[in-house]
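**Q**
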Amino acid sequence: MNTKIKFFGYVLLFLLKTSFVFSQKESSAQTTASAFFTKLTGTEQQVKNFYILNGDEKVQTYIFNFQNDGFVLVESSNDQYRVTAFSEKGEYHLKNEVPFPKATIDSDEKKETDSSPSSKTGITNKDMSPFLTDVWGGVNCVDDMGNKVYPSNYYTPEHASPGCAAISMGQILHFYEWPKTGVGSNTYSDNYNGELRRHSAFFDGTTYDWDNMLDEYMGKPSTEIEQKAIGTLMYHAGVALQMDYEPSGSTSNIMNTPFVYKNFFRFSGHYEDVDWPEFWTELYDNIQLGRPVPVAVDASRTGDGHVFVVNGYQEIDGEPFYYLNWGWYNDNNINGWYNIQGWTTESPGYNTITGAVFDLLPNPEITHIEESGDGNELTVNWEVSQVLQWDAFTLEQKVDDGEWEEIATDIGTTSFTVTNPTGKVHQFRVKARVNGVYYDDSWSEIVVHSIQENYNGYVSFGGNQYAYARQTPENSLDFSNDYTFEAWINLKENNVDGNIILDQEDVFSFDIVDVTALDYAIRFKSYSSSSELSSATQGIRIPFDTWAHIAVSNSGNITRLFVNGVMADEYQGGDFELNVSNNALNIAEKYHGGYSSWLIGDMDQLRISNTGRYQTGFSPKMYTTFEVDDHTVAYFTFQDVHKVRFRDEAHNLSVIVKNEPGHAEWNFGTFAPLPSDMDADGVPDDIDLCPDTPEGSTVDTYGCETFHLPANNFTIKTTDATCVDSNNGSISISAVEALDYEVTLTGNGLDTSDVFSNEISFGDLTSGNYQICISPTEVPNYEQCFEITISEPEPLQVEAKTAVLKKEVDLSLSGGNIYYIQMNGVMYTTSKSTIKLPLTKGANTLKVATDKNCQGEYSKIIKLGNEVLVYPNPVINDIIHITMNDVLDEQINISVLSYSGSQVMHKLAKPLNGQLSMDLSTLSKGNYILFIQAKDKSYSHKFIKN
């Protein structure tokens, strides 16, 4: 069941009768309420006033307030009266309504009431008093001075409601005062009131300020620190749930909460639908064990949903009453005892329980591991919520590449010492036994400790992964200025050309090319210019099953590619000035309308910077970590075991992953002290195959002397063809270092070679793609190759969008330098890519040409006056508008079809002045087709319902 949760202002939103004559029903309802409350309190109680809530013809609901505080809800149906809710304190107020005075009870009814026992005998023997102490809510909070304050909605957009799913989650985290620090992060985009908003929270970088969270803010004094404390908690819960914030209320889904509790807030729990056979038994058991339970409820009449927290129980005359904290600042004293198990669809307000999250319990957190003795003892220490009444703990370990094994169980303290540990690397996890049970998914986060050698964590991509970061509120994925992308990679066999290291759609790709059975090259490509840097240019290749450091660094207008600190390619110019884009950054895969190009291998020390860090050769050191500085966009060391997010040490990018075989699996290796570089050639000795090369030698990626030409040794200039199908393009080449070179030009049906020392040109070229390869004649095995494009003018492209209501056409132009536009015989000239022109009713003649006849001409007849306009699209607020200028007062047929062709809505309507509107609130989100039949014409429009 998809439980839609929506903030809903009042639980009893029904019209109060404005005129009223006391009847037998009101008297009987009052008698029932008085008898119940007298029995509940043990003393006779007098009614002060009451409200009547209109449910429907079958059911009437009354709220009776008593003289000494407290109220009772009574439902009447078929002359039967039952208590459905009550509170022993407070007075219920229905806003903007005046209560009725108490009804006068005749003597017979009084006598019957007086005969009821005035004691609590038989009321309950299974009481569980309310144990949530907070009185929190969402909006409209005022302090003791009547000033508006924003505690729970401090950080939400425009102080919108945090949403009931986030409020209930915050209440439960606050009840346990857990976690101290969260796990992972999340970033997402939300459409708030028609405006794009991005939200981001790093739970692993936040220590929650439990000490400064007050139980009450409504009508109470509070400091900004105390407001921010709860505001941070609520906003993090909302970001974790990817809350849909709106001015009228914020929504999420209670079924999402177990994932969030587990992966971000160190909790375990499970969602169950109300149809689960054990639902009510589980609810009762959880409350008897002192565990708050968030419960989802719908209002059958409106379809609105809410989440409240159950945190108390009373059984009265065999009827179960649960204490509900509605999360509305106890507005109108609404928190109280409700017989939710007895609710029916005829009950007022929220009346249909749909599901709940049970056994919400905080998991332990391993805080530190200490070595003691002569190195033969490891003490594992952990913490857990002080509210949790645990029985004992179980500790498990995984040694090196082994399986999980139990070290000890029934541990009665929050630490355990492992004696004589074996192996090099230990992973630990611990879980608590609560009320005699170890619950599913209650293990702590895994903590790693190495003994004999240092360990180095990394991620292993299995070829079926997804790993991506969404754009952030700070636009951290804007790489339009200087940048550096770098990482250590250790690729495996079965990779193919184009497999991705990093990729951002429409911006750049950092991938592998020229893959053989033994090795590969790396490539950096700008999607806007199609220009590439490749390590194959210098013949630099990387063997499989070998760690290598790769980097691309852009500073100013110079972009350089490095392998193991050796410059492999270089470009000077603007071709690698990257586009601005809000597309996601993908790691080890790409998404261009679908996932593909999965990398197979390992990655470590991934760092992204907003500066060009490398201008010359350098010596990368794999086991040396970087400092996070002001230029660090993101830095992933992979030292910590991840679950669903990589940990960014810079707390900027939230990378969504799955730590499973075939996906992005955490792995590790061990290492001794860092190796040296004895011959100072820039290649560490641990990968230097030629450790004694002469000083100043040019070496390859593995330290061996090699022939090398600077990446900028050749300057290549092109002259484009002047028009379509002409052959007057040319390529000229000049060399910085004068040697004897052989050059080969291929492509577009051409294959020719020549020799030169300084300069050479090729003419009479048609438009197309060419490859130039140049080799010194004395070193034929060395070559530099370049991909060249001879362009020709693009064909004229025109996109005409008609704005019917504005009576104008918006032209988007491309392909030319100057555009000549005729509209109804009037000539316009522009060099801009867009222009708006007026339209007249009837047929409008449009012609567009450029200053070059070979680019073609565009013409179109635009008719104004007989169009159908459907807006808005997407539909956001449930209402869609239709304008039909040629149908004024006729009745028309309107159908809404699903994409499968099924009719989901039909309406006969008569436009008023050619306009009408439709309410689509009954449709779920999705894609639809609007079909209109009028006279002998029909129209169809696709639209999206959000």
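Letter by letter, the sequence shown follows residues 2 to 947 in my numbering.
Note that beta-carbon positions come from the ideal geometry of N, C-alpha and C, so glycine has one too.
The model shown is predicted, which means the values in this text are computed figures rather than measured ones.
#1: Helix, strand or coil: which one does DSSP assign to TYR929?
#2: Here's the rule I'm using: 16 or more other beta-carbon atoms within 10 Å means buried, otherwise exposed. How should THR258 be labelled?
#3: Within the continuous beta strand (DSSP E) that includes ASN312, where are the two ends?
#4: For ASN482 and ASN580, I'd like the C-alpha separation in whole angstroms.
#5: Going by C-alpha to C-alpha distance, which of LYS399, GLY499 and GLY138 sits closest to CYS165?
#6: Can you list, in chain order, the residues of its chain whose CB lies under 6 angstroms from that of GLU793, leaving out five sequence neighbours each side?
#7: From the DSSP secondary-structure annotation, give me the bridge partner or partners of MET885.
#8: Does the distance from the CB of ASP570 to the CB of SER535 come in under 8 angstroms?
#9: Decide if the segment 175-192 is in contact with the segment 202-209; the criterion is three or more beta carbon pairs, one per stretch, under 8 angstroms apart.
#10: Beta-carbon separation of THR380 and SER416 under 8 angstroms?
#11: To the nearest angstrom, how far is it from the Cα of TYR440 to the Cα of ARG434?
#12: Any idea which residues DSSP pairs GLY374 with across the strands?
#13: Enumerate in chain order the residues of its own chain whose CB-to-CB distance from GLU247 is below 8 angstroms, with the five nearest sequence positions on each side excluded.
#14: Give me the Cα-Cα distance between ILE288 and LEU325, rounded to the nearest whole angstrom.
#15: By Cβ distance, which residues of its chain are closer than 7 angstroms to VAL150, with the 5 residues on each side in sequence left out?
#16: Helix, strand or coil for THR282 per DSSP?
#17: Does the separation of the CB atoms of ALA300 and ASN254 fall below 8 angstroms?
#18: Span of the alpha helix (DSSP H) holding CYS165?
#19: Smallest Cα separation from ASN713: which of LEU751, THR625 and GLN539?
#20: What whole-angstrom Cβ distance do VAL136 and TYR323 have, given they're in contact under 8 angstroms?
#21: Return the first residue and the last residue of the beta strand (DSSP E) that LEU74 is part of.
#22: From SER269 to HIS664, what does the alpha carbon distance come to, in whole angstroms?
#23: According to DSSP, which residues form a beta bridge with CYS724?
#24: Between the Cα of VAL897 and those of GLY343, ILE862, GLN934 and GLU891, spot the shortest distance and give me the residue it belongs to.
#25: Quick check: TYR528 and PHE509, are their CB atoms within less than 8 angstroms of each other?
#26: Given a cut-off of 8 angstroms, decide if GLU283 and PHE359 are closer than it, judged by their beta-carbon atoms.
#27: Are the beta-carbon atoms belonging to GLY915 and GLN856 less than 8 angstroms from one another?
#28: Could you tell me the distance, in whole angstroms, from the CA atom of ASN66 to the CA atom of LYS49?
#29: On the premise that GLY337 lies in contact with GLU309, defined as a C-beta separation below 8 angstroms, what is that separation, rounded to the nearest angstrom?
#30: Give the DSSP-derived three-state secondary structure of SER768 in the structure shown.
#31: Taking only runs of the beta strand (DSSP E) that begin and end inside the segment 610-676, which ones reach a length of at least 3 residues, in chain order?
#32: Can you find the residues in the same chain that come closer than 6 angstroms, C-beta to C-beta, to ASP128, ignoring five residues on each side of it along the sequence?
#33: Using 8 angstroms as the threshold, is the C-beta distance between LEU197 and ASN436 below it?
#34: Among the residues of its own chain, which have a CB less than 6 angstroms from the CB of LYS644, if the five just before and after it don't count?
#35: Are the segment 381-396 and the segment 361-372 in contact at 8 angstroms, needing three or more beta carbon pairs?
#36: In the DSSP assignment, the beta strand (DSSP E) including GLY463 goes from what residue to what residue?
**A** So, to answer that:
#1: Position 928 of the sequence shown, counting from 1, holds the residue named residue 929. Strand at TYR929.
#2: On the sequence shown, position 257 is the one that residue 258 refers to. Result: buried.
#3: Mapped onto the sequence shown, residue 312 falls at position 311. For ASN312, the enclosing beta strand (DSSP E) begins and ends at 306-317.
#4: By 1-based counting over the sequence shown, the position of residue 482 is 481. By 1-based counting over the sequence shown, the position of residue 580 is 579. Cα to Cα, the separation comes out at about 9 angstroms.
#5: Here residue 165 refers to the residue found at position 164 of the sequence shown. The shortest Cα separation from CYS165 among LYS399, GLY499 and GLY138 belongs to GLY138.
#6: Position 792 of the sequence shown holds residue 793. Here GLU793 has ALA722, VAL725 and SER768 as same chain residues with Cβ atoms under 6 angstroms from its own Cβ, once five neighbours each way along the sequence are excluded.
#7: Residue numbering aside, residue 885 sits at position 884 when the sequence shown is read from its first letter. Looking at the DSSP assignment, MET885 forms a beta bridge with VAL869.
#8: Here residue 570 is taken as the residue at index 569 of the sequence shown, counted from 1. Here residue 535 is taken as the residue at index 534 of the sequence shown, counted from 1. Yes, the Cβ-Cβ distance between ASP570 and SER535 is below 8 angstroms.
#9: yes
#10: Stepping through the sequence shown from its first residue, residue 380 is reached at position 379. Stepping through the sequence shown from its first residue, residue 416 is reached at position 415. Yes, these two residues count as a Cβ contact at 8 angstroms.
#11: If you number the sequence shown from 1, residue 440 lands on position 439. If you number the sequence shown from 1, residue 434 lands on position 433. Going by the C-alpha atoms only, they are around 8 angstroms apart.
#12: Locating residue 374 in the sequence shown gives position 373, counting from the first residue. According to DSSP, GLY374 bridges with nothing at all.
#13: Start at 1 with the first residue of the sequence shown, and residue 247 comes out as number 246. Once the five neighbours on either side are set aside, the close Cβ partners of GLU247 are ALA161, TYR193 and ASN194.
#14: Position 287 of the sequence shown holds residue 288. Position 324 of the sequence shown holds residue 325. Approximately 11 angstroms between the Cα atoms of the pair.
#15: Taking the sequence shown and counting its residues from 1, the one referred to as residue 150 is at position 149. Around VAL150: CYS142, VAL143, ASP144, TYR218, SER223 and GLN228.
#16: Position 281 of the sequence shown holds residue 282. Helix.
#17: Looking up residue 300 in the sequence shown gives position 299. Looking up residue 254 in the sequence shown gives position 253. Against a cut-off of 8 angstroms, the Cβ pair of ASN254 and ALA300 comes out as no contact.
#18: Along the sequence shown, read from residue 1 onward, the residue named residue 165 stands at position 164. It spans 165-177 - the alpha helix (DSSP H) in which CYS165 sits, taken as one unbroken run.
#19: In the sequence shown, the residue the question calls residue 713 occupies position 712. Per the Cα distances, GLN539.
#20: Taking the sequence shown and counting its residues from 1, one reaches residue 136 at position 135. Taking the sequence shown and counting its residues from 1, one reaches residue 323 at position 322. The pair is not a contact, with the Cβ atoms about 18 angstroms apart (cut-off 8 angstroms).
#21: As a first step, residue 74 is located in the sequence shown; it is residue number 73 there, counting from the start. Run containing LEU74: 72-78, per the beta strand (DSSP E) assignment.
#22: Counting from 1 along the sequence shown, the entry for residue 269 is found at position 268. Counting from 1 along the sequence shown, the entry for residue 664 is found at position 663. Answer to the nearest angstrom: the Cα atoms are 24 angstroms apart.
#23: As a first step, residue 724 is located in the sequence shown; it is residue number 723 there, counting from the start. BP columns for CYS724 are empty, so no partner.
#24: Here residue 897 corresponds to residue number 896 of the sequence shown, with the count starting at 1. Nearest C-alpha to VAL897: GLN934.
#25: Walking along the sequence shown from the start, residue 528 turns up at place 527. Walking along the sequence shown from the start, residue 509 turns up at place 508. A contact, by the Cβ cut-off of 8 angstroms.
#26: The residue you call residue 359 lines up with position 358 of the sequence shown. The residue you call residue 283 lines up with position 282 of the sequence shown. In contact: PHE359 and GLU283 (Cβ atoms closer than 8 angstroms).
#27: By one-based count along the sequence shown, residue 915 stands at place 914. By one-based count along the sequence shown, residue 856 stands at place 855. Going by C-beta atoms, GLY915 is not nearer than 8 angstroms to GLN856.
#28: The residue given as residue 66 occupies position 65 in the sequence shown. The residue given as residue 49 occupies position 48 in the sequence shown. About 5 angstroms.
#29: Along the sequence shown, one-based indexing puts residue 309 at 308. Along the sequence shown, one-based indexing puts residue 337 at 336. The sequence shown places Phe at residue 309, not Glu. About 11 angstroms separates the two Cβ atoms, so there is no contact after all.
#30: Looking up residue 768 in the sequence shown gives position 767. In the structure shown, the three-state DSSP call for SER768 is coil.
#31: Unbroken beta strand (DSSP E) stretches of 3 residues or longer found wholly inside the segment 610-676: 633-637 and 665-672, given in chain order.
#32: Position 127 of the sequence shown, counting from 1, holds the residue named residue 128. Hits under 6 angstroms: GLN315.
#33: Counted from its first residue, the sequence shown places residue 197 at position 196. Counted from its first residue, the sequence shown places residue 436 at position 435. For LEU197 and ASN436, no; Cβs fall outside 8 angstroms.
#34: The sequence position of residue 644 within the sequence shown is 643, counting from 1. ASN264 and ASN660.
#35: yes
#36: Translated into the one-based positions of the sequence shown, residue 463 becomes position 462. Per DSSP, GLY463 belongs to the beta strand (DSSP E) from 455-463.
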